[in-house]
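Remarks on the structure that follows.
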Amino acid sequence: MKQLIELTINNRIYEVAVDARDLLLDVVRKKVGLTGTKKGCGDGDCGACTVLIDGKPELACIKLAIACQGKKITTIEGLAQEGGALHPIQQAFVDQGAVQCGFCTPGMILSSKALLDRKPNPTQHYIKHELSGNICRCTGYKKIIEAVEAAAKVWSIKGVQ
Amino acid sequence: MEKDDLKSKWNLTPEGWNLEGVPAYQDEKKYTQVGRSVPRVDGAIKVKGEAIYTGDMTLPGMVYGKIKRSTYAHAIIKKIDYSKALELPGVLAVITGEEAPNRWGIVPQAANETALAVGKVRFYGEGVAAVAALDEETAEAALELIEVEYEPLPVLLDPFESMERAKEVLIHEDSSGNIMNKGDQVYGDVDKAFAQCEYVLEREFHTNYPQHGFLEPHTALASYDPQSGHLHLWASTQVPHYLHRQMSIVLEIPMNKIRVTLPAIGGGFGGKGEAAPSEFVACLLSRKVGRPVKVTYERNEVFVTNKGRHPCHMKLKIGLDKDGYIQAVDFDNTLDKGAYSGWGVVVLFYTASMIHLPYKVPNARFRGRSVYTNKPSTGAMRGLGGVQPRWAMECLMDELAEMMGISSYELKMKNAIESGHTCINNMFVPHSEFKKCLETAVDKSGYQDKHGKLPFGKGIGMAGGYYITGTAYTLYQNYKPHTSVMIRVDTEAGVTLFCAAADIGQGSNTVMAQMAAEELGIHFEDVHVQAGDTEIGAFDLGSFASRLTYASGAAIKMACVEINQKIKETAAGLLGCRADQMVIKNREIYSIYETKKRIPWEKAVEAYTSINGSLVSMGNFSPPRRKGIDLITGNRVQGANIGHSPTFGFSAQVHEVEVDVETGRIYVKKVTEAGDCGTPVNPMSVEGQVEGSIMFNIGACLYEDQKLDVSGKHLNPNFHDYKMPTTMEMPEMDTNIVESYDPTAPFGVKETGEGAVQPTFPAITNAIYDAIGIRFYNLPITPDMVLKALKDKAKEAAGCDEVCE
Amino acid sequence: MFLNHFEYFAPKTQVETLELLASLGSKAKILAGGTDLLIVMKAKAVRPDYLIDINGVEEFKGIFCEQGKGAVIGTNTKLAEIQFSEAIQAKYPSLAYAAGEVGSSQVRHMASLGGNSCNASPAAETPIPLVALGAKVVLCSISGERELPLEEFILGVRKLDLAEGEMLTKFILPEPAQKSASRYAYMGRRDAMEIDCVNMAVTIELAKDGETVKDVKLVMGSVYPRPLVSKEVPALLLGQKLSDQLIEKAAEAAQGEAKPIDDIRASAEYRREIVKVLARRLLKEAYTAAKGVN
């Protein structure tokens, strides 16, 4: 018997009917219709399904939707700024050439945001260490790291949300 | 964010460049759109999560398909009973292989695959039945209810065993010896040449079984309309055309009633370069139930079916004369084909062709065989057919250099080819900056100061590589142009480029827009690209073998001829001068002799289209065909036309490694790369491809291997135990685009993305030798192997000390 | 890739949690981070009828780490919190480091310290330094509570000394002795998202002279069904001043005690080699660090 729960996603409240066992990834993609979060492996090994829950990076493919009530969930669609402008991390990824096939990108960007929120002035080692849960097969990571470093510059100047 | 801060060092847009009085022909190499590191056209939607991949799509009435997979690596299917599955509420249909028995295969002469297994399964995980149900969970539950009775057959997991036991166990009834294909190529006289060589060395090399690891699993969404008989297929694929063809063959629907559309694709690397059962099953089920059917693979399904790199068991022998020039190469290769032929013939002969470049080889012999085993088929994987022989050859040359007492760099420079080289198999290289690649990589990395001089455990190694660009031959007999492009110019839609090419993340849409803009004299932002749709776009062979930039570039140039001519004539009429004096640059048309006579490009377009309607033109490209012959005897050689290409890209890499001699861990610390890709259309994209290529192959060299147990079952069909490199494995990378322009190529372009993949294995292997004095002839090079080898070496040294005392 | 149907509970207090455990017994599983549980449920290896989500129970969270008072860490404290806790980094650096090397950033933000121990996987990272630090676990049920050293709590592969109705609620760490240091190391194929083929922690306490070993604990993981506390290393080193030779001997002894298996990740022979290497490196590192601490 499904339950009606409220999920706060990108500052908006969605009412969805879920079974206890429904995974956040499936609920977000199919019931709420936000397909930006991707499924790469379903086992928590690739990071493509990364979302932010209360600002912390988590894997939606191994997270129960029902366990997310009362939390603030941020998916990639929630990063857009005023008037649809790109968030500094998104802009940096585009400008630095850190996007190729784009499948790892939403998860990568959210992981990047989480790490910059915690440490706006990260070392390269710190960036690598905190992004190690996001696999990318296209870029070889170099431009992704450069994009995060470029975004960090904006962070320290402007203090970003 | 200041755009200026992010200016690419390659931004060739000449600010304030004076266009006055500069004749058009001198502009030829001075590009304004090509050569700019523009952000990708789809970059913004991808970072916003708005790009639609096949798995993101929903169609009204859509249902889900899932495939039941064999639990035997080799067995006869005695019976399939799916009655219980059909009774499960929510299940709409079940199909088995019998319903679609037509064989398909990317190489038609060797096509022996079916959508689902017919009569027999040949690898663990092969699809035997498929279900369409209202939701994925019901589909999964239905699979459990399908009962399959198997009669197990002996399992062959090694190509040598396959050949040995072929009389007892035949994987394909029509392939005696379990051999898919054999090749014998003789150029010149190797035996005679070897007899006269001063330095001769022969070694055996064995490569591993990696797979592509693209993040987006295979996904297909098929929608069959019972009323019109039209089938529309959306799929994550690199080859819309081949898919189109295969669907037609298997479903027995004419091609003109099938449409293939590519949504965004989450990587391919060759692994989506054929058709996949997901696509056939989606189409078959959709036709059966009259509703759209989506099939998405779970990650373990990708592993058990994916067509990874052919493990090669190679014997390579090279002979040098006393001055160090290569006189003969003898290459024997046994490829592990897996269960079905797929790309097999092509890969076999690509490996054969790889010994003829990038060094001068006057005599060569190749003997090879592609052998069936009961494993998932191997196929095309980044740099197909090139990576394995390149590893063997570059490592062997390193050993020969040591034998001769000269540096590897000297030996390779000595033998390196130059522009205009014709190989003895008649492959022609119109343009090459390979020597410059070697020089640049060696200089920038400090190779000569470090090689042989670093402390024990630290090492540096170098290697070269190359790859084809534009490929010469279609995979089926056809004289049709390999790539066609249609460009439409009008005032309503602006400039639209139509091509059924597949942008799998390599950025082809962006690059095509840049090339079209360059040729038309407008800005890259003005060009809309409609790609990846067989109904909208003009024919294209597919994204593989690095062919797209070259092929589409040539087609674009041709398409623009007529458009430019008509616009120039119109402008000339308006301005009162001659059409052949006009130049189009920077959205303006002007006369080069009377520069005051100029109008905006749009005005000329408007003037033309208001009378004639849309201005449309087609451009085609087919690479020139060359005969694969032995230049010395003039004899035709079997399979020798595979490997020919209108031009070739080159690369050299230097890797610095650190070996932790106590744990056997190998850390790649720094990679210096220099590549010849001709004109880099989008330098930032080129860098991205090269960096990705390097990491891709570091993975296969040190970490990745698919493992099977004795029954042929996959032991690590997941990202947990199949170890792809993470950010922590990333070395420092210094990539360099060597200055190059191929005068025979459109815009001077060549390839990138596969050439850079070749030098990685050998550069690392050579670096490890420099670090610890041990050569490895097996991949991947695991810490286990390193530690064992170090111990054996120590024992040997100790044993020697005893004897010597 | 679907989980079985189950009934979901989200208690708000420890008492509520224990009551649920008492009534539901072995048919229930505790959901903290879920990074192990959900994966085995997806593989259908485990099909609990009930899940008790403890993320709403504040009492299970938190790090209390004050000067001179050791530390108390709630079972559902996330590994990322431990990784970044300045207090833990200062007092128990081996634990902070081990926590920071588990899986990936995402896993560390979801996974709990308690889960990493209760999952009782031989390759688990944090139990190793915890045991080396002398950690105790507090096990509670509605009838009461008991304390147990962590190495006595983990009995084998997915086997715990945990009665039905009991759950681990917190970890108690003793205040590190003066002149002591603890270090952790691991070895795998990659440097992230790894299932270690060997992991190890060493704690060394020095006597007043700052050179003689007063106490040493070497704990190995991934080479035995449970965290293996070395007996031979203390036997060799207690009361000694460490030299390279002695350290080498101790490393060899540790190597002898390990009982690794062959599996898809590494061979037993390789693991044995690594045990010696890590033991040597950690003993040296911890000894040097302990000498430097005043």
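Protein chains in written order, with our numbering: chain X, 12 to 172; chain U, 52 to 856; chain B, 153 to 446. We treat Cβ as the ideally placed atom computed from N, Cα and C, and that holds for glycine.
Closer than 9 Å by beta-carbon distance: list the chain U residues that pair up with residue i, in chain order.
{"i": "residue 19 of chain X", "result": "None at all; the shortest Cβ gap to chain U is about 18 Å."}
Taking buried to mean at least 16 other C-beta atoms within 10 Å of its own C-beta, is residue i buried or exposed?
{"i": "residue 270 of chain B", "result": "buried"}
{"i": "residue 673 of chain U", "result": "buried"}
{"i": "residue 15 of chain X", "result": "exposed"}
{"i": "residue 136 of chain X", "result": "exposed"}
{"i": "residue 210 of chain U", "result": "buried"}
{"i": "residue 593 of chain U", "result": "buried"}
{"i": "residue 24 of chain X", "result": "exposed"}
{"i": "residue 281 of chain B", "result": "buried"}
{"i": "residue 168 of chain X", "result": "exposed"}
{"i": "residue 522 of chain U", "result": "buried"}
{"i": "residue 104 of chain X", "result": "buried"}
{"i": "residue 322 of chain B", "result": "buried"}
Could you say which of the options lies nearest to residue i if we only look at CA atoms?
{"i": "residue 541 of chain U", "options": "U/570, U/586, U/667", "result": "U/667"}
{"i": "residue 743 of chain U", "options": "X/112, X/162, X/83", "result": "X/112"}
{"i": "residue 550 of chain U", "options": "U/316, U/669, U/646", "result": "U/669"}
{"i": "residue 751 of chain U", "options": "U/491, U/433, U/244", "result": "U/433"}
{"i": "residue 350 of chain U", "options": "X/55, X/42, X/24", "result": "X/55"}
{"i": "residue 845 of chain U", "options": "U/713, U/766, U/753", "result": "U/713"}
{"i": "residue 390 of chain B", "options": "B/405, B/376, B/366", "result": "B/366"}
{"i": "residue 717 of chain U", "options": "U/762, U/815, U/657", "result": "U/815"}
{"i": "residue 870 of chain U", "options": "U/288, U/250, U/279, U/161", "result": "Residue numbering for chain U in the displayed model covers 52 to 856; residue 870 of chain U lies beyond these limits and cannot be assessed."}
{"i": "residue 162 of chain B", "options": "B/176, B/208, B/170", "result": "B/208"}
{"i": "residue 705 of chain U", "options": "U/413, U/489, U/651, U/153", "result": "U/489"}
Three-state secondary structure (DSSP) at residue i?
{"i": "residue 64 of chain U", "result": "Here residue 64 of chain U scores only 39 on pLDDT, less than 50, and its place in the model is too uncertain to base an answer on."}
{"i": "residue 75 of chain U", "result": "No answer about residue 75 of chain U holds up, because its pLDDT of 43 lies below 50 and its placement is not dependable."}
{"i": "residue 615 of chain U", "result": "helix"}
{"i": "residue 207 of chain B", "result": "coil"}
{"i": "residue 381 of chain U", "result": "strand"}
{"i": "residue 143 of chain X", "result": "coil"}
{"i": "residue 675 of chain U", "result": "coil"}
{"i": "residue 174 of chain U", "result": "coil"}
{"i": "residue 372 of chain B", "result": "strand"}
{"i": "residue 336 of chain U", "result": "helix"}
{"i": "residue 285 of chain U", "result": "strand"}
{"i": "residue 129 of chain X", "result": "helix"}
{"i": "residue 210 of chain U", "result": "helix"}
{"i": "residue 51 of chain X", "result": "coil"}
{"i": "residue 829 of chain U", "result": "strand"}
Please list, in chain order, the chain X residues whose beta carbon lies closer than 8 Å to that of residue i.
{"i": "residue 344 of chain B", "result": "140, 143, 144"}
{"i": "residue 259 of chain B", "result": "55, 70, 144"}
Which bits of chain B does residue i rub up against, with CB to CB less than 7 Å?
{"i": "residue 754 of chain U", "result": "341, 342"}
Give the interface partners of residue i over in chain X, defined as CB-CB distance under 7 Å, in chain order.
{"i": "residue 257 of chain U", "result": "The contacting residues do not exist; residue 257 of chain U stays about 25 Å from chain X at best."}
{"i": "residue 158 of chain B", "result": "31, 32"}
{"i": "residue 347 of chain B", "result": "Those within 7 Å of residue 347 of chain B in chain X number zero; the least Cβ separation is about 11 Å."}
Apart from the five residues just before and just after residue i, which ones in its own chain have a Cβ nearer than 7 Å to its Cβ?
{"i": "residue 400 of chain U", "result": "234, 690, 693, 694"}
{"i": "residue 108 of chain X", "result": "154"}
{"i": "residue 491 of chain U", "result": "725, 787, 789"}
Mind listing the chain U neighbours of residue i? Cutoff is C-beta to C-beta under 7 Å, in chain order.
{"i": "residue 153 of chain B", "result": "349"}
{"i": "residue 56 of chain X", "result": "769, 770, 771"}
Is it the case that the CB of residue i approaches a heavy atom of the ligand SAM more closely than 8 Å?
{"i": "residue 454 of chain U", "result": "Absent from the structure shown: the ligand SAM. Ligands present: none."}
Excluding five sequence neighbours on each side, which residues of the same chain lie with their C-beta closer than 8 Å to the C-beta of residue i?
{"i": "residue 388 of chain B", "result": "398, 401, 402, 405"}
{"i": "residue 572 of chain U", "result": "615, 634, 635, 636, 637, 638, 639, 640, 652"}
Could one say the Cβ of residue i lies closer than 9 Å to chain C's Cβ atoms, at least one of them?
{"i": "residue 61 of chain X", "result": "Of the chains in the structure shown, none is chain C; the protein chains are X, U and B."}
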